[in-house]
Structure formats: structure tokens, C-alpha cells
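Colleague: Numbering (this note's numbering), first residue to last: 84 to 244. Positions of the beta carbon are idealized from the N, C-alpha and C atoms, including for glycine. What you are looking at is a predicted structure, and each value in this text was computed from that prediction instead of being measured.
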Amino acid sequence: AWAYNFWLKATVVSVVPYAVAFGLLPAFVVAAAPGQPTAPYWLVLSAALLGSGAHFANSVPDLDDDIATGVRGLPHRIGPGPAAATGAALLLVATAVLAFGRPGTPGLIGWLALGLAVPAAAVAAGAGLGRPELRRKAFTGFVVLAALDTGLLVLGGSSIG
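(1) Given a threshold of 16 other Cβ atoms within 10 Å of its Cβ, counted over all protein chains shown, does Gly136 qualify as buried or as exposed?
(2) Pair every Cβ in the region 100-109 with every Cβ in the region 146-159, then say whether three or more of these pairs are closer than 8 Å.
(3) For Val201, tell me which candidate among Gly184, Gly224 and Pro189 has the shortest Cα-Cα distance.
(4) Below 8 Å between beta carbons: does that hold for Gly198 and Pro163?
(5) Could you give the DSSP three-state label for Pro117: helix, strand or coil?
(6) Check whether the region 126-141 touches the region 158-173, taking contact to mean three or more Cβ pairs, one atom from each stretch, closer than 8 Å.
(7) Quick one: give me the first and last residue of the alpha helix (DSSP H) that Phe183 is part of.
(8) Cβ of Gly174 within 8 Å of Cβ of Ala204?
(9) For Ala137, which of helix, strand or coil comes out of DSSP?
(10) Thinking Pro109 and Val127 are a contact (beta carbons under 8 Å), I'd like their distance in whole angstroms, please.
(11) Helix or strand or just coil, what does DSSP make of Ala84?
(12) What distance in whole Å lies between the Cβ atoms of Phe222 and Pro144, which are believed to be in contact at a cut-off of 8 Å?
(13) Can you list, in chain order, the residues of its chain whose CB lies under 8 Å from that of Ala84, leaving out five sequence neighbours each side?
(14) Examine the ligand COA and report whether any of its heavy atoms sits within less than 7 Å of the Cβ of Trp125.
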């Protein structure tokens, strides 16, 4: 978080602290469990994707204001449309990893989450192509995706053991 705030926020690698911090969170939580288990790859990967997507999602509605204050992170450099599409894609891939990354057959909840995530990603990516007022509406799609991913992440994490 400090690396982001003091150094990386205005660079092309602004997404890296999000990927690392979010990815490490489930690893630390799982490592604290009795028996010192390690977090499965799909849990760490999905959390890193969720964090990376959150970075883009949080940036899209405020790109113009951020640029005016000198912030030029990766979402700002690629522009609102590509930033919205990237954020939506990262969150959608996180949904897929959470739904299908665990060993065994994907359950009904995973399929339902993916079924809801695809249109939410389309809304988020599509709204990112519009005027600044419309870009703020992209945030609704991002919130749906993040909520689905967080729910699947918690459900997936609770099944470890």
C-alpha cells in the first residue's frame, strides 16, 4: 500500500501493488490456520485478479479528475474504454477461476455466478466507452462483479481444510 501511495500510483505498474496485496491476503489467512496449510493456487490467483480488477474499476469513474491532479497510473495511460474493459475482464476471469479453479466439478453457485458476471462485465466495459457521466455508471457493473467474486472467494476459502 505504501509503495502504491508514495511511488507507484502514477506509474505504468500501478496495478502491481493491488495484485500482490490482494493475492497475499488469502495466503496469510490460510497460513494462520492450524497445521500451517498453504493456500491453493486458485485462491491466491483469484484474489490477485480481484485486486487488479478493483484498481481499474476504481479508476474508471475518476480518470479525468485524476489526470488533472497529475495521477497517470496504468488505467489513465490506456484510457477510459480500455481501462473499463481491462477491469471487467480481470474481474470476469477472477469469477471463472473461483467457479472452475477448485478441484472437482463446478457447482451450481459457480455457474450462476458466472452467468451473472458475464452481463455485469459487459455493462462495465460498455459504460467505460462513454462520456464521463456514463463512465460513472460502469461502476455498477464493477460492483456486481466484485460482490460475486468476493462471495465466491469467501465460499471457496471456507472449504479449505
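Modeller: Checking against the coordinates, here is how it stands:
(1) buried
(2) no
(3) Gly224
(4) no
(5) coil
(6) yes
(7) Pro163 to Phe183
(8) It should be pointed out that residue 174 corresponds to Leu in this sequence rather than to Gly. Yes. Within cutoff.
(9) helix
(10) 6 Å
(11) coil
(12) 5 Å
(13) Pro100 and Ala104
(14) The model depicted lacks the ligand COA and carries no ligand whatsoever.
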